[in-house]
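These notes concern the structure reproduced below.
See the structure below:
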């Protein structure tokens, strides 16, 4: 008997939860509100690499997401060391991508050993609104495999267990 009462109460609870409805009207929405909401969202989302990284691979796939009909320009600069007075050298001519309906773009880059700065500039031109420009950059350091191992082992010895777990699970 108790099972029937509990089962009936659960069925009543599930059906009442599913019958909740909401009414929405667009009387309070105008074009300015929509354009302000679009302006607050970041235009460019870099999917790969998600953050700056150190690697031993010289070939890297850069993947990004941007709004339809936007223009993304990818530039790659290279420096050998950490010196501030060293001027970066462009590895490639600037590459321009017009983003289509899929809202995605990707490019395969061959990097050089040292510090490589990838700069992604997004431009979105809309009607009756001045063009919006957003710049995102990633720093990729390419080192020999032995250098990466030494740096990793040095960092492991100097960090706490929780920081090490966060780093390994990419929660930083």
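Residue numbers (my numbering): 150 to 321.
Here a beta-carbon is modelled for each residue, glycine too, at the ideal position from N, C-alpha and C.
Keep in mind the model is a prediction, meaning the values are calculated, not measured.
- Query: Among the residues of its own chain, which have a CB less than 8 Å from the CB of residue 204, if the five just before and after it don't count?
  - Reply: 289, 290, 291, 292 and 297
- Task: Give a yes or no on whether the C-beta atoms belonging to residue 306 and residue 256 are separated by under 9 Å.
- Result: no
- Query: If we ignore side chains and look at the alpha-carbon of each, how far apart do residue 250 and residue 240 end up?
  - Reply: 29 Å
- Item | Outcome for residue 225 when other beta-carbon atoms lying within 10 angstroms are tallied against a minimum of 16 | buried
- Query: Based on the DSSP secondary-structure assignment, which residues constitute the bridge partners of residue 265?
  - Reply: 227 and 289
- Give the secondary structure of residue 260 by DSSP, where H, G and I count as helix, E and B as strand, and everything else as coil. coil
- Is it buried or exposed for residue 219, if we count other Cβ within 10 angstroms and need 16 for buried? buried
- Query: Going by beta carbon distance, what residues of the same chain come within less than 6 Å of residue 282, once the five residues before and after it are set aside?
  - Reply: 272
- Determine the direct distance from the alpha carbon of residue 308 to that of residue 198, and round the result to whole angstroms. 24 Å
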